[in-house]
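*Asks:* Residue numbers (our numbering): 9 to 246.
Here a beta-carbon is modelled for each residue, glycine too, at the ideal position from N, C-alpha and C.
Since the structure is predicted, the reported quantities are computational estimates derived from the model, not experimental observations.
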Ligand SMILES: [Zn+2]
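Structure, rendered in structure tokens:
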């Protein structure tokens, strides 16, 4: 059952039948970072959802082939820009539909943030009409590639102006938070990324990147996935 609870700094929401209602995290400078978890499972050692962002950038074969080799399904939050720049990578995703489930990461990778600020160096969308175009154009690109309407949206940088969340939900999308940030924007060394990802426990929705083949963190994602698989962790998509 869907539950909505608005508090001054936290809001809980139902993200779908299989997901636990979760908090919108601690505001950072007036922005919120939504948290999302799966409902607890009775599976041992547990079940998690791996999500990876294809922000503008390139195809990371270390991460992609690890998922395929290990047989781990993953939800890929993909931007229209990434699809335009990486037709070969997109073809790889489409050739393994049992592994790669594509969802909406926006058209131009503009954080759904109002005003004039920058977030992690990114120019923000700034206004609701621009956010609407970012979300709907991103969804149209996913639909063009997959033939299916995406149901989840994850904003660039994972941060939102609070008032943009009901606005995006009203456009027909669930907000894709996460509970475990494995690579801090693909900025962490491989060993640390692997350790963080491998620490995922039942119900976790993990976040990382699949668009930075030249950064060390991608090797850590592949290593962390292998460790989780070896310990018997089960995987699901959003
Ligand atoms: Zn991104």
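Whole angstroms are fine: how far does the CA of residue 166 sit from the CA of residue 172?
*Replies:* By one-based count along the chain shown, residue 172 stands at place 164. By one-based count along the chain shown, residue 166 stands at place 158. Cα to Cα, residue 172 sits roughly 12 Å from residue 166.
*Asks:* For a test of your reading of the model: does the CB of residue 61 fall under 7 Å from any non-hydrogen atom of ligand 1? Yes or no.
*Replies:* Counting from 1 along the chain shown, the entry for residue 61 is found at position 53. Answer for residue 61: yes, Cβ within range of ligand 1.
*Asks:* Should residue 164 be counted as a contact of ligand 1 given a C-beta to heavy atom distance under 7 Å?
*Replies:* By one-based count along the chain shown, residue 164 stands at place 156. Result yes, Cβ under 7 Å from ligand 1.
*Asks:* Let me check you understand the geometry: is the CB of residue 113 closer than 7 Å to at least one non-hydrogen atom of ligand 1?
*Replies:* On the chain shown, position 105 is the one that residue 113 refers to. Yes, since a heavy atom of ligand 1 falls inside the 7 Å radius drawn around the Cβ of residue 113.
*Asks:* Taking all protein chains shown into account, do 16 or more other C-beta atoms lie within 10 angstroms of the C-beta of residue 220, making it buried, or fewer, making it exposed?
*Replies:* As a first step, residue 220 must be located in the chain shown, where it is residue number 212. So residue 220 ends up on the buried side.
*Asks:* Answer yes or no: the CB of residue 66 versus the heavy atoms of ligand 1, is any distance below 7 Å?
*Replies:* Taking the chain shown and counting its residues from 1, the one referred to as residue 66 is at position 58. Answer for residue 66: no, Cβ out of range of ligand 1.
*Asks:* Assign residue 51 to buried or exposed, taking buried as 16 or more other Cβ atoms, counted over all protein chains shown, within 10 Å of its Cβ.
*Replies:* If you number the chain shown from 1, residue 51 lands on position 43. Looking at its Cβ environment, which holds fewer than 16 other Cβ atoms inside 10 Å, residue 51 is exposed.
*Asks:* Quick one, are the C-beta atoms of residue 80 and residue 205 less than 8 Å apart?
*Replies:* Counting from 1 along the chain shown, the entry for residue 80 is found at position 72. Counting from 1 along the chain shown, the entry for residue 205 is found at position 197. Contact: no.
*Asks:* With 16 other CB atoms within 10 Å as the buried threshold, where does residue 103 fall?
*Replies:* As a position in the chain shown, residue 103 is number 95, starting the count at 1. That one is exposed.
*Asks:* Tell whether a beta-carbon distance below 8 Å holds between residue 74 and residue 100.
*Replies:* By 1-based counting over the chain shown, the position of residue 74 is 66. By 1-based counting over the chain shown, the position of residue 100 is 92. No. Outside cutoff.
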